[in-house]
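Residue numbers (this note's numbering): 1200 to 1307.
From the three backbone atoms N, C-alpha and C, an ideal C-beta is built for every residue, glycine too.
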């Protein structure tokens, strides 16, 4: 789905003012800055928001993070609670960060 289509779908969902909104990789085609901006605005609303995301930076603004490992809940907590050595979340976050940095070095 293109960036424009993704934004239109998200706007349509928000116009209906749902009490519960489930977003499954809804911002995956957006750059990180746009994604964080949109998600920050979404979290300001008084609604239940379930976000399924592979880019873990989004979880920094969540009230609660649920981490799955092989389809089973392995950890729950806030970003701060989970972001320390010894957690699976920390390992995932670091792996994602390393992959991002590797891609940047490769492009140069």
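Residue burial annotation: residue 1255 is buried, with at least 16 other C-beta atoms found within 10 angstroms of its C-beta.
Nearest C-alpha to residue 1233 among 1294, 1257, 1274, 1208: 1257. Going by DSSP, residue 1257 is part of no beta strand (DSSP E) at all; its letter is neither H nor E.
In this structure, residue 1221 sits away from residue 1242, with a CB-CB distance that is not shorter than 7 Å. A buried status is given to residue 1281, since no fewer than 16 other beta-carbon atoms sit within 10 Å of its beta-carbon.
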